[in-house]
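Data first, discussion second: the structure below is written as structure tokens.
Protein chains: 2
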Amino acid sequence: MCPTERNDAASDASSPTSLLERASLVLGCFDAEHAEIGISDIARRSGLAKSTTHRLAAELIRLGLLEQGEGGGVRLGLRLFELGQLVPRRHALHEAARPFMEDLREATGNNVHLAVLDGIEVVYVEILWARDVQPLPSRVGGRLPAHATGVGKAMLAFSSPEVVRARIEAGLARRTAYTIIMPGALTRELAAIRASGISYDRQESAMGVVCAACPVFGVDGAVVAALSVTGRAERLDIERMAPAVRTAALALSRSLGAPTPT
Amino acid sequence: MCPTERNDAASDASSPTSLLERASLVLGCFDAEHAEIGISDIARRSGLAKSTTHRLAAELIRLGLLEQGEGGGVRLGLRLFELGQLVPRRHALHEAARPFMEDLREATGNNVHLAVLDGIEVVYVEILWARDVQPLPSRVGGRLPAHATGVGKAMLAFSSPEVVRARIEAGLARRTAYTIIMPGALTRELAAIRASGISYDRQESAMGVVCAACPVFGVDGAVVAALSVTGRAERLDIERMAPAVRTAALALSRSLGAPTPT
DNA sequence: CCCATGTGTCCCACTGAGCGGAACGATGCG
DNA sequence: CGCATCGTTCCGCTCAGTGGGACACATGGG
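Quick mapping for you: the protein sequence lines, in order, are chains A and B.
Counting in numbering that gives the first Met the number 0, the first sequence runs from 0 upward without gaps.
Counting in numbering that gives the first Met the number 0, the second sequence runs from 0 upward without gaps.
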């Protein structure tokens, strides 16, 4: 429903100039809720001409980036999954972080998240679910604005001022009643995180969801990721989780070759 | 080393006509061993002109499909990981198969693989490693010729004759001394698998690696995946594993809504 | 029953996006 | 120092890609 508004938000107003941009627009039409889409639907969402979409889709299918679905529509192809598994930012972290994440789940009994910063947004790279799987909105490969998540704030706090400025200038979109939307409030929050080394999310990204997060540093001392323990507000005491998260994040940072913090 | 031969194998001899094909060639230059590559290197591998490669890479970076590496080169971007997580063929299976795969690892104590058939090759969708992680060559997102793997033969055996013919016509490449390379031998092997419901890999894909695999069926009764228990030849008695693999595959098929086999 | 509206597919004249040879400055190795 | 190779930039030519329009087919309401 409301099939035309996606394009307005995605491609601003200018028609895409390059073919690759058009193809990228087509790929961007898919999400977790829309796994298989028809040609006309894609054309509508992406704002491309139907004939263009058709030809583009046919080519993408030939390359394995899309594939013919069962309901006559098309869906993302296995080749994308293959390529996705090779992404270094994800791969290297995945390997290194896995044991520490398992420790953290064992110690806290809660959901453990690993995320990286991509520009001004966070991308979840790995999630370990707690034993009693309580459905959380987060998803591996999912993308959220950095200012509205625990892991995002943890990484922003230790990023360059340019990144923080870019985040603010792009707008601090509200996600819940608790989301930090004032630039001044965000700056103060980041200073507090920098001082304490721990970042809390008190229902700022989704109602009823809280987390405690810590930054993870790489060889050059720059922040490369963030770890968090996440759960439902009524069950999880995030202050009590802080030491465990911090310990795991420090251990992971050390194993990545980060210089020992002063 | 030998930087020019990749292109000869990948793009046959004809220069790629479409821009998307060129971009796909660039993305295809990356693998597990080559996570970050320079522009000139990509140009050499893909057979494209250096200026073309440069412009292409810049655009792919703009779209998030590539990103600037640390050593001056470029690497696959996070957006590819994102898209890869949305691939339905992987996603739906992943969710459904996980508990059965864990059962199987628990029951056998060995490595459990889940793979799907993509054309005439298999792609590993999920791998659960045994407690004592003995390094196997398989990798999530990895791709192998179907005729040379246990999971591949399991799926070929229950695929349409056209798929089998396509596999044979594309050539039964040898991977080890035990790989089935004669079309007649493959046809006979597939008939045996069809009869018994179980497929064995006796060091046919890699020396020292054996597995027992079973097909997994979907709603329409067509094969959608394969499960296997894999291990090192000197430690794993694959005949003893067969009942467990078969049980898990049947249970998974049933949970996917497959019609009960006659 | 037909018409209206949806789908996926195909055609083709026009044009501007992309190609790649060439040249550039920076770096590094012998 | 010269030579090689790196990433980057420029620019004229040309053919790949565009998109409006037409088509066959399925659906479903009057």
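Quick reminder that beta carbons are idealized off the backbone N, C-alpha and C, glycines included.
Please read all numbers here as calculations on a predicted model, not as lab measurements.
Between residue i and residue j, what straight-line distance do the alpha-carbon atoms span, to the nearest angstrom?
i	j	result
residue 253 of chain B	residue 111 of chain B	19 angstroms
residue 230 of chain B	residue 158 of chain B	26 angstroms
residue 21 of chain A	residue 29 of chain A	14 angstroms
residue 308 of chain A	residue 156 of chain B	Here chain A comprises residues numbered 0 to 261, so residue 308 of chain A is not present and cannot be evaluated.
residue 35 of chain A	residue 218 of chain B	17 angstroms
residue 233 of chain A	residue 207 of chain A	8 angstroms
residue 147 of chain B	residue 115 of chain B	14 angstroms
residue 55 of chain A	residue 67 of chain A	13 angstroms
residue 196 of chain B	residue 126 of chain B	22 angstroms
residue 94 of chain B	residue 113 of chain B	12 angstroms
residue 135 of chain B	residue 141 of chain B	12 angstroms
residue 243 of chain B	residue 60 of chain A	37 angstroms
residue 214 of chain B	residue 31 of chain A	27 angstroms
residue 130 of chain B	residue 245 of chain B	22 angstroms
residue 45 of chain B	residue 255 of chain A	33 angstroms
residue 69 of chain B	residue 57 of chain B	16 angstroms
residue 33 of chain A	residue 65 of chain A	14 angstroms
residue 251 of chain A	residue 15 of chain A	42 angstroms
residue 96 of chain A	residue 249 of chain A	11 angstroms
residue 285 of chain A	residue 23 of chain A	Limits of chain A in this structure are 0 at one end and 261 at the other, which puts residue 285 of chain A out of reach.
residue 133 of chain B	residue 222 of chain B	30 angstroms
residue 182 of chain B	residue 128 of chain A	46 angstroms
residue 216 of chain A	residue 137 of chain A	23 angstroms
residue 73 of chain B	residue 143 of chain A	24 angstroms
What does a CB cutoff of less than 7 angstroms around residue i pick up in its chain, not counting 5 residues either side in sequence?
i	result
residue 247 of chain A	99, 102, 103 and 226
residue 235 of chain A	109 and 209
residue 201 of chain B	177 and 209
residue 179 of chain B	146, 171, 185, 188 and 203
residue 150 of chain A	112, 114, 121, 212, 225 and 227
residue 163 of chain B	155 and 189
With 8 angstroms set as the bound, which would you pick, yes or no: does the beta-carbon of residue i sit closer than that to a beta-carbon of chain B?
i	result
residue 30 of chain A	yes
residue 87 of chain A	yes
residue 17 of chain A	yes
residue 83 of chain A	yes
residue 101 of chain A	no
residue 139 of chain A	yes
residue 97 of chain A	no
residue 252 of chain A	no
Which chain A residues sit within Cβ distance under 8 angstroms of residue i?
i	result
residue 150 of chain B	In chain order: nothing, as chain A lies at least about 14 angstroms away.
residue 166 of chain B	Result: empty, since nearest Cβ-Cβ is about 17 angstroms, beyond 8 angstroms.
residue 142 of chain B	81
Kindly list, in the order they appear in chain A, the residues whose Cβ is closer than 7 angstroms to that of residue i.
i	result
residue 117 of chain B	77
residue 62 of chain B	19, 20 and 23
residue 74 of chain B	87
Among the residues of its own chain, which have a CB less than 6 angstroms from the CB of residue i, if the five just before and after it don't count?
i	result
residue 240 of chain A	107, 211 and 228
residue 52 of chain B	38, 41 and 42
residue 75 of chain A	29
residue 119 of chain A	145, 165, 166 and 169
residue 193 of chain A	156
residue 198 of chain A	149, 152, 153, 192 and 212
So residue i contacts chain B; which residues on that side make the cut at Cβ distance below 9 angstroms?
i	result
residue 241 of chain A	Going along chain B, no residue has its Cβ under 9 angstroms from residue 241 of chain A, so there is no contact; the nearest lies around 28 angstroms.
Contact check, residue i vs residue j under 8 angstroms by CB: the rounded distance?
i	j	result
residue 37 of chain A	residue 63 of chain A	That pair is no contact at about 20 angstroms.
residue 18 of chain B	residue 18 of chain A	5 angstroms
residue 188 of chain B	residue 152 of chain B	6 angstroms
residue 88 of chain B	residue 26 of chain A	At roughly 15 angstroms, the Cβ-Cβ gap does not stay under 8 angstroms, so residue 88 of chain B and residue 26 of chain A are not in contact.
residue 204 of chain B	residue 174 of chain B	6 angstroms
residue 124 of chain B	residue 92 of chain B	6 angstroms
residue 220 of chain A	residue 258 of chain A	5 angstroms
If the cut is a Cβ gap below 8 angstroms, which residues of chain B does residue i touch?
i	result
residue 122 of chain A	77, 80 and 81
residue 59 of chain A	19
residue 26 of chain A	82
For chain A, find out if any of its Cβ atoms is closer than 8 angstroms to the Cβ of residue i; answer yes or no.
i	result
residue 34 of chain B	yes
Mind listing the chain A neighbours of residue i? Cutoff is C-beta to C-beta under 9 angstroms, in chain order.
i	result
residue 113 of chain B	Going along chain A, no residue has its Cβ under 9 angstroms from residue 113 of chain B, so there is no contact; the nearest lies around 13 angstroms.
Does the beta-carbon of residue i, which I'm using as the reference point, lie nearer than 7 angstroms to any heavy atom of the ligand MN?
i	result
residue 248 of chain B	Summarising the ligand content, the structure contains no ligands, and the ligand MN is consequently not present.
Take residue i and list the residues in its own chain whose beta-carbon comes closer than 8 angstroms to its own, dropping the five residues that flank it on each side.
i	result
residue 139 of chain B	123, 124, 125 and 126
residue 90 of chain A	84
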